[in-house]
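See structure below.
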Amino acid sequence: MSTDEIENVEAFRQRARAWIHENLRPVGPVALSLRRERSDEQELVAVARDREVQRMLFDAGLAGICIPPEYGGQGLTPDHQQALNDELAGYEFAMRLQVPTFTPCLAVLLEFGTEDQRRRHIPAILKGEEIWMQLLSEPSGGSDVAGALTSAVRDGDEWILNGSKVWTTGAWWSDWGLCLARTNWDVPKHRGLTVFLLPIHEPGVEVRRIEMLNGNKEFCQEFLSDVRVPDTDRVGDIDEGWTVGTGWMFHERMLYNSPLVTVPTGTTRGSASSSSALDVARDAGRLADPTVRDLIGEARMLDVVGEELQRRIGDGIATQTMSGETSAIGRVFVGVVAARRMTIQFEIAGAAGAAWSDDDGELTHCGTDFLMRQTSCIGGGTIEMARNVISERVLGMPRERTLDRDVAFRDVPRASSR
Amino acid sequence: MQDLSADQQFFRGTTSKFLDEQMPTGELRRRRDTQAGFDEKYWHRGADLGWTSLLVGEHLGGGTVSGDGLVDLSLVAYEFGRHAAPGPLVPDNIVAATLAAAGTDAHAGLIGDLLSGGSIASWALSEPPPHDRLDDVTLDIGVDGGDVALNGVKRPVESARQADHLLVTGRTGTGLTQVLVPTDAAGVSVEPMRTVDLTRRFDRVIFDDVRLPARTVIGEVGGAGGQVERQLQMALVLVNAECVGAMQTGFDMTLEWMFDRYSFGRPLASYQELKHRLADMKTWLEASHAISDAAAAAVGSGSPDGAELVSAAKAFIGEYGTQLLQDCVQLHGGIGVTFDHDLHLFLRRHTVNRALYGTPAEHRQRIADLVEQQKGVVA
Ligand SMILES: Cc1cc2nc3c(=O)[nH]c(=O)nc-3n(C[C@H](O)[C@H](O)[C@H](O)COP(=O)(O)OP(=O)(O)OC[C@H]3O[C@@H](n4cnc5c(N)ncnc54)[C@H](O)[C@@H]3O)c2cc1C
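Just so you know, the protein sequences line up as chains A and B, in that order. Note that the first sequence covers residues 1 to 418 in my numbering. Note that the second sequence covers residues 1001 to 1379 in my numbering.
What follows is the structure in structure tokens.
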């Protein structure tokens, strides 16, 4: 498409603004949090509303801004997406559909899927009909992604999957998963993997919910018993799943930085984070305490810097002055800073972090959030793995020695199951 | 900066090359005990390269490379940090900018001299403890008929002994006033101070009933608050850029060292503990670049979020940059704390800048004030 056919950003912005004001509900700060805030019924209502909002965006020509029109998108640019994000500030949005549905899952379909797979799923995702999950981690270990034990065995035009995936946030209300499975045990680990599209509520898939230490039950484990998947639902070549996997990890590290994701500007910065340090201080009656003000300033500083860092990395990758692996820098920053923020709030809350009453306002969540502090350094790949990427692939330092490199996966040492 | 124009890249490259040639680290060491840390010829040639003219409009003989002089000057400041270069880059430019913005026609000659490097000026802002906190200005500027009278002490003042003029920020009643004081005026005395920076010099300046005609006041008597805030933000942009330059050099040296140094038959670079340290340092470095650039652009263009960004930058770079450079020392082991190794030159530059124009803690407090204002919360 030549540039003069593309709607200009300002016109797009006006159109988006008018539509948003007309159709969406204004909301307070939205926390992208794992707090246990809703009952199952309320969660399902919220998921349904997310789907509805996504459908409304689609009908208004505001879904899939950077996705080609042949797959139901708008074929516009990241600048248009940014304009939409700006205009959405202060309004409801389809929170649960962004990550991992738009990235990494839709991004992987777009990059590696067959034409048929793209046409089947991308428009459905844009209409809010399909919510996707990543079925990557396994009970035997998540960091060593290529060490997947879930197996897929060919049976004519179908594959039969067996094994277990775990730590899948929200799988109980989702529709599809991108699943990494082992198709060859006689070659080194990276060469025997294949990626499949998996309907989550298919016979043979059992979804079991796991309670997190704060009481949240969004985490799930899936048990796959003779699940049949047609070969047409295979993504990429047989045994070449690691090629897909590498792109997959890249899109995962992009997270909310991805131009495929629609989030109101400020969702990760001001509204949900540093201003909550201020809210906690207010409800604790400590706004005048200089040590507390120092902490409020620190929280805000980290958010502001984080936003500029993401912008720098995003621009660097887009203009190819930085490699895609640079996204690991953003990963480390976001993880460490989110954990620090929880500590800051816990610190400001004082004894109300230990014991609180329902009428304590913002103080009521500081203790539990602090317990959950490390999730930001684990989910989406741990910060240790991101540090490996930075040191080895951004700075060129030697790779860690492994004991599974040239060994058939069958013979690789594995933990004895306890 | 990531998206520099070809002109900006060339401009920065010229200063980088000049400093490579003129101020190699051996030369910096040789200047350790010299009075100024730099000589006239060096400053003149720097002025020819554009170091002094970027914050002054074309009608006064200045001009920018990109249309945003502060962003352009931050590129020079970055190179100053990268080379730990001598010279009063920050205060000299701040005075030139202020004279251009708030001076009168009578200042055109002096501005010309500053731009050519023929004369040097410095900004006298901070005061002795306990008044060395940001915003705490007590030097008294009284109005007496057609004169003003200055009484008080300023410290540290960069390159005061090399300067012909000082822009002195003082207080008249409850408001701020700025006066351009010739350093040879009666009642001004300048005493050298000691510092950890090898190449920059700082002095204590005493104003003992210094009487000057009222026309030496720059801007409004008692009404200079906005101007001082603007000066402060510009100075912060420049010291931040210097700090990022110093961090970049320290980091580059350390990364190289990781490959050169062996222990137990392996390069240091092969140990995961050290790789992860470098990964964190790289993260803080990139974050510092990002926030420094963003603050320069915001203050340069007069955007309303300039105040917050520049304080976030000072707080972050001050805190994490110190951590980064001290980690560089740690990873060098014993050699990292020797005078012969170059690393300390950059640690020194950063350490001094961390404490100038407000510490990280003071800037965190400023940010808290801004957050509160934005939220409109009542305490
Ligand atoms: C909130 C949240 C949401 C998640 N959502 C999903 C999801 O939707 N889908 C999904 O598939 N997974 C998901 N995960 C799982 C997540 O990706 C894994 O937890 C993560 O990759 C770590 O794997 P693990 O838990 O098995 O830890 P392990 O791999 O067992 O690691 C344990 C510890 O050892 C460290 N370690 C391991 N190997 C190395 C090494 N080579 N060098 C240095 N340190 C190392 C790790 O960093 C970690 O600290 C989620 C996790 C969280 C917390």
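Cβ atoms here follow ideal geometry from the backbone N, Cα and C, with glycine treated the same way.
Setting aside the 5 residues that flank it on each side, B:F1259 is surrounded in the same chain by P1267, A1269, each with a C-beta closer than 6 Å to its C-beta; the list follows chain order.
According to DSSP, residue pairing for B:S1263 in a beta bridge involves B:R1266. Residues of chain B with a Cβ closer than 8 Å to the Cβ of A:R387 are, in chain order, K1275, H1276, A1279, D1280. Not a single CB atom of chain B sits nearer than 9 Å to the CB of A:F250.
Contact of A:D315 with chain B is assigned, a C-beta pair being separated by under 9 Å. Relative to ligand 1, the beta carbon of A:Q98 is positioned no closer than 8 Å to any heavy atom. Under the three-pair Cβ rule at 8 Å, the segment 6-19 of chain A counts as touching the segment 75-93 of chain A. At a threshold of 8 Å, A:S137 counts as near ligand 1, since its beta carbon sits closer than that to one of the ligand's heavy atoms.
For A:D369, the Cβ stays outside the 8 Å cut-off from all heavy atoms of ligand 1. Put simply, the backbone Cα of B:Y1357 is about 21 Å away from that of B:F1207. Listed by position along chain B, the residues whose Cβ is nearer than 9 Å to that of A:L97 form an empty set, because the closest Cβ is around 29 Å away. When the five nearest sequence neighbours on each side are left out, the beta carbons in the same chain lying within less than 7 Å of the beta carbon of A:G266 are those of A89, in order along the chain.
In this structure, B:V1196 places its C-beta atom within 9 Å of the C-beta atom of B:V1352. With respect to chain B, the C-beta atom of A:S391 has a partner C-beta closer than 9 Å. Annotation: B:G1062 to B:A1307 spans about 26 Å, alpha carbon to alpha carbon. Against A:F346, chain B offers no close residue; the least beta-carbon distance is about 18 Å (beta-carbon pairs closer than 9 Å). Just measuring C-alpha positions, the residue of B:L1019, B:V1065, B:L1150, B:T1052 sitting nearest B:D1007 is B:V1065.
At a cut-off of 8 Å, the beta-carbon of A:Q134 counts as near ligand 1: some heavy atom of the ligand is closer than that.
In the structure shown, B:S1292 adopts helical secondary structure according to DSSP, grouped into three states.
Shown here for A:V280: same chain residues with a beta carbon closer than 8 Å to its own, the five before and five after excluded, namely Q345, I348, A349, E362, L363, C366 in chain order. Between the beta-carbon of A:S143 and that of A:V166 there is about 13 Å, and that puts the pair past the 8 Å contact cut. Here DSSP, grouped into helix, strand and coil, assigns A:H21 to helix.
At least one heavy atom of ligand 1 lies less than 8 Å from the C-beta of A:E384. In the three-state DSSP reduction, B:L1125 falls in the coil class, being neither helix nor strand.
Taking a C-beta distance under 9 Å as the contact criterion, B:S1292 and B:S1074 qualify as a contact pair. Residue nearest to B:G1046 within the set B:Q1022, B:T1249, B:D1203 is B:Q1022 (criterion: CA-CA distance). When Cβ-Cβ separations below 9 Å define contact, A:V394 makes contact with chain B. Note that the C-beta distance between B:A1121 and B:L1115 is not below 9 Å.
Between the C-alpha atoms of A:K189 and A:R36 there is a straight-line separation of about 38 Å. Here the segment 1099-1109 of chain B does not lie against the segment 1132-1141 of chain B, with fewer than 3 beta-carbon pairs under 8 Å apart.
For the segment 1306-1332 of chain B, the residues whose beta carbon sits under 8 Å from a beta carbon of chain A are, in order, E1308, L1309, S1311, A1312, A1313, A1315, F1316. Remark: the shortest separation between the CB of A:D404 and any heavy atom of ligand 1 does not fall under 8 Å. Between A:A181 and A:G163, the C-beta gap is smaller than 9 Å, which places the two residues in contact. The three-state reading of DSSP puts B:R1201 in coil, since its state is none of H, G, I, E or B. Nearest C-alpha to B:T1216 among B:A1241, B:L1150, B:R1194: B:L1150.
Under the three-state reduction of DSSP, B:A1307 is assigned to helix.
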